[in-house]
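Using the numbering used here, read the sequence shown as starting at 21 and increasing by one per residue.
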Amino acid sequence: MNRRRWWPLAAALASFAVGAAAPGDRAPELSLPDSAGRPVTLQAMKGKVVYVDFWASWCGPCRQSFPWMADLQRRYGPQGFEVVAINVDKKRADAERFLASTPAAFTVVYDPAGATPSAWDVRAMPSSYLIDRQGRVVHVDQGFREMDKPVLEARVRAAVEAQR
């Protein structure tokens with residue numbers, strides 16, 4: 021195929037990378053309200069290791085991941101670790117029903133407009149992004165599988181134990 025035909029394809033593919041959160045990139049900023057309406061930002065968590073998790077009430081693996089994330093928050097929180105779970109349900113009541121049966125012992129914020137998943141290039145539910153203390157994406161994971169928990173926790177532990 022000649023260069024003239026490849027250029028539109030290359031430009032289209034490059035546009036998907038704009039704003040995406042890939043390992044090594046600076047994490048896109050976010051500012052979303054928590055359940056009390058207070059804004060939660062990554063800027064305010066500067067110097068912490070942050071596990072950003074996108075979830076929805078209809079997502080079965082999300083229900084499985086919440087107890088695990090709560091355990092991570094409990095164990096690593098004192099060392100500068102923070103879980104931020106971003107709900108993408110259009111109706112807040114759907115998220116509230118989910119949280120009534122699967123409590124979150126970490127920060128939950130809401131994005132019913134869905135702007136944040138686009139900026140982070142979320143392609144599956146749940147999707148998680150491990151952010152280091154310098155605000156860089158360390159790891160991206162799509163979906164949640166019980167068998168992956170040891171590997172995911174090892175990444176969290178390594179990020180928490182990294183030079184402060």
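Every residue gets a Cβ at the ideal spot worked out from N, C-alpha and C, and that includes glycine.
THR127 is bridged by DSSP to VAL104.
Sixteen is the threshold: since fewer than 16 other Cβ atoms of the shown chains lie within 10 Å of the Cβ of THR61, the residue is exposed. Among the bridge pairs identified by DSSP, SER51 is matched with THR61. Minimum Cα-Cα distance from ASP73 among the listed residues GLN63, GLY67, TRP88 and LYS66 corresponds to TRP88.
Within the DSSP secondary-structure output, LEU150 pairs in a beta bridge with TYR71 and HIS159. Beta-bridge annotation (DSSP): ARG46 is paired with ARG156. Taking C-beta separations shorter than 7 Å and ignoring five residues to either side along the sequence, the partners of ASP152 in its chain run VAL69, VAL158, ALA179 and ALA182, following chain order. Burial of MET65 is indicated by the presence of at least 16 other C-beta atoms within 10 angstroms of its C-beta. Straight through space, the alpha carbons of TRP78 and GLU102 are spaced by roughly 24 Å. In the three-state DSSP reduction, GLY134 falls in the coil class, being neither helix nor strand. Using a Cβ-Cβ distance cut-off of 8 Å, the stretch 115-134 and the stretch 46-59 are in contact, since at least three pairs of beta carbons, one from each stretch, lie closer than that value.
Here the C-alpha atom of GLY67 lies approximately 22 Å from the C-alpha atom of ASP161. Taking the Cα positions, VAL108 is about 14 Å away from ARG117. Less than 9 Å separates the beta-carbon of MET145 from that of PRO81.
Between the alpha carbons of TYR96 and TYR149 lies a distance of about 16 Å.
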